[in-house]
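For the sequence shown, the positions run 2 to 507 when the numbering used here is used. All C-beta atoms in this analysis are idealised placements derived from N, C-alpha and C, irrespective of residue type, glycine included. Note that the structure is predicted; figures quoted are calculated from it, not measured. Contents: one structure, followed by commentary.
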Amino acid sequence: MQAYFSHSYRDVPINTYFSELFDAAKISLRADQKSEVWCMAKLERYMFEMGGFVSIIPRRIAADESITYSPYIGRELMLARRARAPRILFVDDQVLNSHRSDFPATAVPFFHDAPETERARHVEVIDQFRKDLAGGLARPPRRYVEKRATVIAGKEPLLRDAASHVAAILRSKTYISTVKNAAGLDQAFDDIDVFESLLDSELCVFVLDKELSHSDLLLAMAHAHCIPSVRLRHDPEATSSDPELSGVVRWKSAEELRPRFLKVFENYLSAFQEPSSKEDLQRLATPSAGGSEWDPSDGPGLLAHIQPEDSYVSDRVDGVMRGLASLEKSRLHSDRVCRSLYDRIKKERFYYTYEPASAQKAAQRIRTPTEIGALNCGTCIDYVCMFASMLEAAHEEPVVVVTRTGGRAHAVAGYYAPDAIAWDSPPQLGDLRGAINSGDVVLFETTGAVEARGGTVAAETESERKEGGSMLDYQTAKDAAKRLIGQNDVEVTHFIDVKQARLNRA
2 MQAYFSHSYR DVPINTYFSE LFDAAKISLR ADQKSEVWCM AKLERYMFEM GGFVSIIPRR
62 IAADESITYS PYIGRELMLA RRARAPRILF VDDQVLNSHR SDFPATAVPF FHDAPETERA
122 RHVEVIDQFR KDLAGGLARP PRRYVEKRAT VIAGKEPLLR DAASHVAAIL RSKTYISTVK
182 NAAGLDQAFD DIDVFESLLD SELCVFVLDK ELSHSDLLLA MAHAHCIPSV RLRHDPEATS
242 SDPELSGVVR WKSAEELRPR FLKVFENYLS AFQEPSSKED LQRLATPSAG GSEWDPSDGP
302 GLLAHIQPED SYVSDRVDGV MRGLASLEKS RLHSDRVCRS LYDRIKKERF YYTYEPASAQ
362 KAAQRIRTPT EIGALNCGTC IDYVCMFASM LEAAHEEPVV VVTRTGGRAH AVAGYYAPDA
422 IAWDSPPQLG DLRGAINSGD VVLFETTGAV EARGGTVAAE TESERKEGGS MLDYQTAKDA
482 AKRLIGQNDV EVTHFIDVKQ ARLNRA
């Protein structure tokens, strides 16, 4: 008895609570691995290959402090309702109160901070869900021919050629692909051969024009039947290769078509995972790709991952600097710059995740700021490099401190005060503590700017995380970094003065 598990990756404690209830009910949950690719076709496929649909919908806090929820979870729910899949929804009570019309009447509320408060009710509805699935209400599998694909294109030469290219790619992956054209409105409505081809195919690919056409009518039919479909829309003005929430992938030229289609198609081919523990849920929340490698024994090697020219960095720094009245160098100005950058990242509602797998045991993958923005998550070293990049772009003098405490490594970022005298070589621990106390060096816990659910990351306290809604305010983040460096068993393994390191490498 299996069900698709729609959930927010960052809320591991909530996910763990509910997954344990489903495990006790002998319902296996299947979930997708976190990645930067949003693949509607894969979700449409699994709506029919799973017996039911389980959705856990936690709250999100918007920039205006209003209560909202992930639009991607909302899209998954829409697909489940369209597919008429047996479903069970657990929705944060504040989300349910604010967006009642978005959810079916059967949605069950939970309290975000302590979902176990209503455990008896949750166990009851899960038990009924299990009985429904066992009693024959499970979604029957969709009937199709495995490895058959239909490509739908308009009559324009550019679209026909693009469809042929897509069909060739599918054939190279051992699919039997057929190209169909929607020549007119009557054909789109009345050609039963085309319609049956859609129904019989494992996968459909729609090669669409920028404007609505007869091919879009066929897409609407496939969408209504929840047939797995990749939507490739030609758009000469396209600026992003990422799939939109609707599943549309835009392409400008024939050269762009192949990589953009493959990005989605390869994700479609990947299998769903079956999480059965907190560790499994943490692994699902950790993107398996992205980032370049860093050897943790090579402190100066971090310099390659501090990228002030990254577009994500420049966009955020430009916005912050425009909002600051004074550009005169002073300790107060530097503090305002750092605080403003910190608060700007807090608004992104990123979350703390775990280290992605590396091909080298001794290496760690570090994501670029742009990758963090795309994935909505990062590790402590990811965020340290991102903040160092932003501080450098803002014309401050960033530093990075990598520590080890009780066998566990951690990193924090910060900067030299404008009137501080920089060290010629990495400082001793006592000197670093003195510089922090005098304000010559300012450090802060970078993961305080992101959500860390289910506990602490470093030297902050659980109460500090809870008071900040799983985050930390800027002053608390500075206090946490100072507390880390002040611990009796702390060892500073690397102190990187970014400005000096760049001069040394010049």
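Would residue i pass as a contact of residue j if the rule is Cβ separation under 7 Å?
| i | j | result |
| --- | --- | --- |
| Pro399 | Val499 | yes |
| Ile373 | Arg434 | no |
| Ile28 | Ala63 | no |
| Ala150 | Ser178 | yes |
| Ala453 | Tyr353 | yes |
| Ala154 | Val96 | no |
| Cys40 | Val265 | yes |
| Ala189 | Glu294 | no |
| Thr369 | Asp432 | no |
| Lys148 | Tyr176 | yes |
| Leu22 | Phe6 | no |
| Pro105 | Leu138 | no |
| Pro116 | Gly455 | no |
CA-CA distance, residue i and residue j?
| i | j | result |
| --- | --- | --- |
| Ser331 | Ile422 | 14 Å |
| Ser359 | Glu257 | Confidence at Ser359 is low in this model, with a pLDDT of 47, below 50, so the placement of that residue should be treated as unreliable; the coordinate-derived value is given next. If you take the alpha carbons of Ser359 and Glu257, they lie about 29 Å apart. |
| Pro158 | Lys181 | 14 Å |
| Arg317 | Glu446 | 19 Å |
| Ala290 | Ser36 | With a pLDDT of 48 at Ala290, under the threshold of 50, the modelled position of that residue is not reliable, and the figure given next carries that caveat. C-alpha separation (whole angstroms): 7 Å. |
| Glu349 | Arg61 | 11 Å |
| Asn505 | Tyr313 | 27 Å |
| Glu465 | Pro142 | 48 Å |
| Arg83 | Met48 | 10 Å |
| His334 | Tyr416 | 12 Å |
| Leu444 | Ile437 | 7 Å |
| Thr118 | Phe111 | 8 Å |
| Asp12 | Pro59 | 8 Å |
| Asn268 | Leu44 | 11 Å |
| Lys483 | Ala507 | 32 Å |
| Lys467 | Asp480 | 16 Å |
| Ala239 | Lys211 | 10 Å |
| Val442 | Asp243 | 40 Å |
| Phe130 | Thr448 | 38 Å |
| Glu397 | Gln488 | 27 Å |
| Leu186 | Ser214 | 9 Å |
| Thr17 | Ala108 | 19 Å |
| Ala223 | Gly379 | 36 Å |
| Leu328 | Met322 | 9 Å |
Between the Cα of residue i and the Cα atoms of the options, which residue gives the shortest distance?
| i | options | result |
| --- | --- | --- |
| Ala89 | Tyr353, Leu78, Val96, Ala453 | Here residue 89 is Ile; the residue named in the question, Ala, does not match the sequence. Of Tyr353, Leu78, Val96, Ala453, the residue nearest in Cα terms is Leu78. |
| Glu245 | Gly155, Ser214, Ala375, Arg323 | Ala375 |
| Arg144 | Phe388, His113, Cys227 | Cys227 |
| Val385 | Ala414, Gly379, Gln365 | Ala414 |
| Arg1 | Val443, Asp474, Ser99 | Examination of residue 1 is not possible in this model, given that the chain is present from 2 through 507 alone. |
| Gly1 | Gln365, Val55, Gly449, Gly408 | Since the first residue of the chain shown is 2 and the last is 507, residue 1 is not available in this structure. |
| Ile497 | Met222, Gly455, Ser426 | Ser426 |
| Gly407 | Val491, Arg466, Tyr269 | Val491 |
| Ala221 | Ala183, Ser20, Ser254, Leu328 | Ala183 |
| Gly320 | Leu303, Val338, Glu329 | Val338 |
| Ile193 | Ile68, Leu219, Glu397, Arg366 | Leu219 |
| Gly52 | Ser20, Pro14, Pro237, Arg85 | Arg85 |
| Gln429 | Thr462, Ala81, His495 | His495 |
| Ala163 | Ala255, Lys174, Ala115, Arg323 | Ala255 |
| Ala502 | Val458, Ala450, Lys347, Pro301 | Pro301 |
| Arg161 | Ser216, Arg120, Asp299, Thr477 | Ser216 |
| Lys174 | Thr107, Val109, Leu263 | Leu263 |
| Ser247 | Pro72, Pro116, Cys378 | Pro72 |
| Arg101 | Tyr70, Ala121, Ala81, Arg120 | Tyr70 |
| Met2 | Gln34, Ala225, Asp133 | Asp133 |
Hey, residue i and residue j are a contact pair by Cβ (cut 8 Å); roughly how many whole angstroms apart?
| i | j | result |
| --- | --- | --- |
| Ala410 | Val403 | 7 Å |
| His8 | Ala32 | 7 Å |
| Arg261 | Arg234 | Not a contact, Cβ separation roughly 10 Å. |
| Phe388 | Leu325 | Their Cβ separation, rounded to whole angstroms, is 17 Å, which puts Phe388 and Leu325 out of contact at 8 Å. |
| Ala460 | Gly440 | Between Gly440 and Ala460 the Cβ distance is about 19 Å, and since that is not below 8 Å, they are no contact. |
| Val126 | Ser202 | Contact doesn't hold; Cβ gap of about 36 Å is too wide. |
| Ala412 | Ile382 | 5 Å |
| His113 | Phe91 | Actually they do not touch by this definition, with Cβ atoms about 11 Å apart. |
| Leu204 | Pro229 | 5 Å |
| Asp93 | Ala26 | So it is not a contact: roughly 22 Å between Cβ atoms. |
| Phe19 | Ile57 | 5 Å |
| Phe351 | Val206 | With a Cβ gap of about 33 Å, Phe351 and Val206 do not count as contacting. |
| Thr477 | Gly469 | 7 Å |
If you measure from the CB of residue i, is any heavy atom of the ligand SAH nearer than 6 Å?
| i | result |
| --- | --- |
| Arg60 | The model on display carries no ligand, and the ligand SAH is accordingly not part of it. |
Are the stretch 300-311 and the stretch 385-393 touching by the rule of at least three beta carbon pairs closer than 8 Å?
-> Short answer: they touch.
Should the stretch 187-201 be regarded as contacting the stretch 165-172, the criterion being three or more beta carbon pairs within less than 8 Å?
-> At 8 Å Cβ cutoff, the stretches do not touch.
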